[in-house]
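Quick note, the sequence shown lines up with residues 7 to 300 if you use our numbering.
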Amino acid sequence: MRTRRDKLSGAGAQLATEVSINFGSSLAGLLIPVVGSPIVVAARQIVMVIVVLPLARPRLRNLTWARIWPALALGVVLAVMNLTFYQAVNMLGLGIAATIEFLGPFALALVTSRRILDFVCAAAAAGGVFLLTWSDGTLDPLGIVLALTAAASWFCYILLTRKVATEFAGLEGISIASLVSLVIVVPIALFTLDLSAFTWGIVGLLLLVGVVSSAFPYTLDTYILRRISPRLYAIITSFGPVIAAGFGALVLGETFTLLQQIAIVVVCVAAGAAIATQRDRPTSDLELTATAIP
Numbered sequence: 007m008r009t010r011r012d013k014l015s016g017a018g019a020q021l022a023t024e025v026s027i028n029f030g031s032s033l034a035g036l037l038i039p040v041v042g043s044p045i046v047v048a049a050r051q052i053v054m055v056i057v058v059l060p061l062a063r064p065r066l067r068n069l070t071w072a073r074i075w076p077a078l079a080l081g082v083v084l085a086v087m088n089l090t091f092y093q094a095v096n097m098l099g100l101g102i103a104a105t106i107e108f109l110g111p112f113a114l115a116l117v118t119s120r121r122i123l124d125f126v127c128a129a130a131a132a133g134g135v136f137l138l139t140w141s142d143g144t145l146d147p148l149g150i151v152l153a154l155t156a157a158a159s160w161f162c163y164i165l166l167t168r169k170v171a172t173e174f175a176g177l178e179g180i181s182i183a184s185l186v187s188l189v190i191v192v193p194i195a196l197f198t199l200d201l202s203a204f205t206w207g208i209v210g211l212l213l214l215v216g217v218v219s220s221a222f223p224y225t226l227d228t229y230i231l232r233r234i235s236p237r238l239y240a241i242i243t244s245f246g247p248v249i250a251a252g253f254g255a256l257v258l259g260e261t262f263t264l265l266q267q268i269a270i271v272v273v274c275v276a277a278g279a280a281i282a283t284q285r286d287r288p289t290s291d292l293e294l295t296a297t298a299i300p
């Protein structure tokens, strides 16, 4: 049974992971104009593989196609999600890209809903994104498409994670997916590699992005989920775009119009309200984000 102290410590740790992930994304925003998004994604994936493999080395014997294809597909989706998201951050800014991307898991949570309140929340979120992307008419349309692609990839990522969890024990499936993603991303990164752009400071920042975006949050997940419910996890996650916007302003110097600020808050509040008012029932797809944060 979870005590109040467990819940507080778990919620605090979850908030720390949200801060860590979005801080990492803001650092990525500094690096992408220098080395390109494929290099940043490759660095993050390398760190992720280094963390995952010692904990769950995949056993490839007796693997059938029916068992392994979800893990392979998950690796492809992971690569697409990270590449499109980081490029969207470069073109739109972190706050806006993170808010649009969050539509993916939010849409998945609502796709089977029959509650009027959930449809109202969905409409509010859609209106918030409309305000966010069209309020000043200066956003790059390609950047919006990339952010929506990242959102769709996150949608697929959660579904595939559920499938992988039923086919593989522990973290074996995600370790296979991490390797597949690395195999996809590294050749792209090598093709865009410009050694003249690298300094020891750049290398250090790339490693830091990998640690704060993957290794640190990943390590804390087990601790968190033993202390708080998946729904509370998802509620805290729903405020990620606000945290992202904060780091976008502090680290990247991003500015937001009043309408854009309102839009980001509307999306977060709509998602939080939809989750917080759910009745106790089997875990929703958005709540599964608790075990599927990329």
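Even glycine gets a Cβ: it sits at the ideal position worked out from N, Cα and C.
Kindly give me the distance between the Cβ atoms of residue i and residue j, rounded to whole angstroms, as I take these residues to be in contact under 8 Å.
i           : j           : result
residue 377 : residue 213 : The question about residue 377 has no answer, for the chain in this structure spans 7 to 300.
residue 273 : residue 166 : No, residue 273 and residue 166 are not in contact; Cβ-Cβ is about 24 Å, not under 8 Å.
residue 258 : residue 36  : 7 Å
residue 54  : residue 220 : 4 Å
residue 105 : residue 138 : 6 Å
residue 94  : residue 152 : 4 Å
residue 116 : residue 31  : No, residue 116 and residue 31 are not in contact; Cβ-Cβ is about 25 Å, not under 8 Å.
residue 123 : residue 283 : 6 Å
residue 40  : residue 268 : Contact flag wrong, Cβ pair sits at about 33 Å.
residue 135 : residue 109 : 6 Å
residue 184 : residue 51  : 7 Å
residue 251 : residue 262 : 7 Å
residue 248 : residue 215 : Not a contact, Cβ separation roughly 21 Å.
Can you name, in chain order, every residue of its own chain whose Cβ lies under 6 Å from the Cβ of residue i, other than the five neighbours on each side?
i           : result
residue 277 : 112, 244
residue 29  : 218, 253
residue 226 : 19, 23
residue 299 : Caution is warranted here: a pLDDT of 45 is assigned to residue 299, below 50, making its placement in the model unreliable, and no coordinate value can be reported.
residue 230 : 16, 19, 20
residue 6   : Missing from the structure shown is residue 6; the chain here goes from 7 to 300 and no further.
residue 150 : 139
residue 246 : 24
residue 146 : 97
Quick check on the DSSP output: the alpha helix (DSSP H) that includes residue i runs from which residue to which?
i           : result
residue 278 : 264-282
residue 12  : 10-41
residue 168 : 147-173
residue 246 : 246-258
residue 117 : Run containing residue 117: none; DSSP gives neither H nor E here.
residue 197 : 178-197
residue 213 : 206-216
With a CB to CB cut of under 8 Å and the five nearest residues on each side skipped, what residues in its chain are close to residue i?
i           : result
residue 222 : 23, 26
residue 148 : 97
residue 211 : 33, 36, 37
residue 6   : Only positions 7 to 300 of the chain appear in this structure, which leaves residue 6 out of reach.
residue 76  : 166, 169, 170, 173, 179
residue 44  : 89, 191, 194, 195, 197, 198
residue 204 : 41
residue 154 : 106, 109
residue 131 : 109, 112, 272, 273, 276, 277
In this structure, does DSSP put residue i in helix, strand or coil?
i           : result
residue 101 : helix
residue 144 : coil
residue 233 : coil
residue 108 : coil
residue 200 : coil
residue 90  : helix
residue 243 : helix
residue 70  : coil
residue 295 : With a pLDDT of 49 at residue 295, under the threshold of 50, the modelled position of that residue is not reliable, and the figure given next carries that caveat. DSSP places residue 295 in helix when its eight states are reduced to three.
residue 139 : helix
residue 76  : helix
residue 300 : Low local confidence applies: a pLDDT of 48 at residue 300 is under 50, so the model's placement there is unreliable, with the coordinate-based value given in what follows. Coil at residue 300, not helix or strand.
Comparing the C-beta of residue i with each C-beta of chain B, is any distance below 8 Å?
i           : result
residue 280 : Of the chains in the structure shown, none is chain B; there is only one protein chain.
Using a Cβ-Cβ cut-off of 7 Å (strictly less than) and excluding sequence neighbours within five positions of residue i, which residues of its own chain qualify?
i           : result
residue 87  : 156, 159, 160, 163, 300
residue 12  : 233
residue 279 : 127
residue 295 : At residue 295 the pLDDT is 49, less than 50, meaning the model places this residue with poor confidence; the figure from the coordinates comes in the next sentence. Excluding sequence neighbours, residue 295 sits near 111, 164, 240, 243.
residue 59  : 181
residue 260 : 99, 100, 101, 254
residue 92  : 34, 38, 43, 46, 47
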